[in-house]
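For the sequence shown, the tail end lands on 231 under the numbering used here, and the numbers increase by one without skipping.
Glycine is no exception: its CB is placed at the ideal position from the N, C-alpha and C atoms.
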Amino acid sequence: MKLLIISDIHGNLAALDAIREEADKVICLGDIVNYGPYPAACLERVRNLTDAIVRGNHDNAIGRDVDCGCSVKYKELSNAGKIFTMAALNKSEKDYLGNLPLTINIKVDGKKFLFAHGSPSGDIYKYLKPDVPDKELENVLKGIDADIVFVGHTHFPMMRMVNGITIVNPGSIGQPRDGIPMASYAVWEDGSIGIKRVPYDIEATVKGLQGTTIPSHHVTTLTKILRDGGM
Numbered sequence: 001m002k003l004l005i006i007s008d009i010h011g012n013l014a015a016l017d018a019i020r021e022e023a024d025k026v027i028c029l030g031d032i033v034n035y036g037p038y039p040a041a042c043l044e045r046v047r048n049l050t051d052a053i054v055r056g057n058h059d060n061a062i063g064r065d066v067d068c069g070c071s072v073k074y075k076e077l078s079n080a081g082k083i084f085t086m087a088a089l090n091k092s093e094k095d096y097l098g099n100l101p102l103t104i105n106i107k108v109d110g111k112k113f114l115f116a117h118g119s120p121s122g123d124i125y126k127y128l129k130p131d132v133p134d135k136e137l138e139n140v141l142k143g144i145d146a147d148i149v150f151v152g153h154t155h156f157p158m159m160r161m162v163n164g165i166t167i168v169n170p171g172s173i174g175q176p177r178d179g180i181p182m183a184s185y186a187v188w189e190d191g192s193i194g195i196k197r198v199p200y201d202i203e204a205t206v207k208g209l210q211g212t213t214i215p216s217h218h219v220t221t222l223t224k225i226l227r228d229g230g231m
């Protein structure tokens, strides 16, 4: 059995389309929209591609017209992207995003999997970055009945094991922030887990951003993030 886990697409269609990996099941850890120029196309693609999707904080913000809960560093960018994205999606699309589940549990080959956006509890705003202390991971994993936990949100790939539970972040498809400007995702296959990266047409996404209503100074910042793999 092979699982493909994707996360944090953020309206970046070129990055999403660069993922050619075939799998028995495809799971999305949320944040399909915002920051990128093609929210509707990405939503349609993800819905057709995946077997399950959990709700990210940006999906929640667009779907329920609430704050994204972003860090101060990205708040202005998020708010500018939200205005564009809200106008680009219809009511049905927004309702769909706002009602996605916060967590999903499945069993594959005798292993229990939990999928979430921010934390295993379903907290879509919680950041579990690669340098998170073991003690904090132990706390967030308390009471979690799973062998393997997949979370997104940080845009940083991560693979850790705490108290017998493996916790993995596949990184971001559409807006990696770890200095490697390639689409990042994870694969679980017959007990083995790997983080993979593929190049994509960044300039196609940049051109798309230039055609949106997002203010030009924010487009400049977003362009730098895409080209540099973060800021």
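- DSSP, read as helix, strand or coil, puts Ser172 in coil.
- For the pair Leu13 and Met161, the Cα-to-Cα distance works out to about 32 Å.
- Distance from the CA of Pro215 to the CA of Gly36, rounded to the nearest whole angstrom, comes to 13 Å.
- Between the alpha carbons of Val26 and Glu76 lies a distance of about 32 Å.
- DSSP, reduced to helix, strand and coil, places Glu189 within a strand of the structure shown.
- Sorting Gly229, Ile167, Ala40 by C-alpha distance to the C-alpha of Leu114 places Ile167 at the top.
- His117 sits away from Ile106, with the two beta carbons spaced by 8 Å or more.
- Secondary structure in the segment 58-117: the alpha helix (DSSP H) runs of 4 residues or longer, each lying completely within the stretch, are 72-88, 91-98 in chain order.
- Here the segment 39-58 makes contact with the segment 81-96; the two share three or more CB pairs at distances below 8 Å.
- Going by DSSP, Leu222 is part of the alpha helix (DSSP H) stretching over 216-228.
- In terms of Cα proximity to Ile5, the closest of Ser172, Thr205, Asp178 is Ser172.
- Lys126 is classed as buried because its beta carbon has at least 16 other beta carbons within 10 Å across all chains shown.
- Within the same chain, Cβ atoms closer than 7 Å to the Cβ of Ala204 are found at Ala14, the five residues on either side in sequence being excluded.
- Counting of Cβ neighbours within 10 angstroms places Lys94 among the buried residues, the total reaching 16 or more.
- Taking Arg177 as the centre and dropping the five residues before and after it, the same chain places the C-beta of His155, Gly230 closer than 6 Å to its C-beta, in chain order.
- Ile9 carries a coil assignment under DSSP once its states are collapsed to helix, strand and coil.
- For Asp131, the closest alpha carbon among the candidates Asp67, Arg55, Asn169 is that of Asn169.
- Rounded to whole angstroms, the separation of the alpha carbons of Asp67 and Ala61 is 6 Å.
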